[in-house]
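Residue numbers (my numbering): 1119 to 1246.
Here is the structure:
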């Protein structure tokens, strides 16, 4: 409890005294809730720029949606989704038809190739 009182957010406590943080989490007597009751709840207020920055770690729209769901959800609910989607479409523009054909040849069935997240399928679909 003494360790937690030195921090104003859960993340700061986690980063500043990881062992005490984890010990409180593992305790079954609600230590974590008691230790963090004085801390501020921090909710990320997403901006279009923050959402765009988060996409730079991913090569496909599907990957962004599954690996950064909070960013994706913020973009969707605030109407930035289509603008950010253009970033992925720009990446897809660099793919050639030969690369798509080569990738498709490695699959036995069209349905396997057309699964969400397949970069080459997305590129071919964009160009039809």
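C-beta atoms are modelled at their ideal positions from N, C-alpha and C, and glycine is treated no differently.
key: Secondary structure, alpha helix (DSSP H): runs of 4+ residues fully inside the segment 1160–1185   = 1166–1173 and 1179–1185
Next on the checklist: Less than 9 Å between the beta carbons of residue 1155 and residue 1138, yes or no?
Outcome noted: no
### Message
Using 8 Å as the cut-off, can you tell me whether the segment 1145–1153 makes contact with the segment 1162–1181, which would need three or more C-beta pairs spanning the two stretches below that distance?
### Response
no
- Task: Taking all protein chains shown into account, decide if residue 1223 is buried (16 or more other Cβ within 10 angstroms of its Cβ) or exposed.
- Result: exposed
Three Cβ pairs or more, each shorter than 8 Å: is that satisfied between the segment 1233–1244 and the segment 1197–1215?
yes
Quiz prompt | Simplified DSSP assignment, three categories, for residue 1139 | solution = helix
On the CB-based measure, 16 or more other CB atoms within 10 Å of its CB, does residue 1195 come out buried or exposed? exposed
request  = Starting from residue 1129, follow the alpha helix (DSSP H) in both directions and report where the run begins and ends.
outcome  = 1128–1134
Report task. Could you check what DSSP says for residue 1200 in three-state terms: helix, strand or coil? Result -> helix
Subject >> Delimiting residues of the alpha helix (DSSP H) encompassing residue 1154 >> reply: 1149–1154
*If we cut at 9 Å on Cβ distances, does residue 1154 have a partner in chain B?*
Judged by its chain identifiers, the structure shown contains no chain B, having just a single protein chain.
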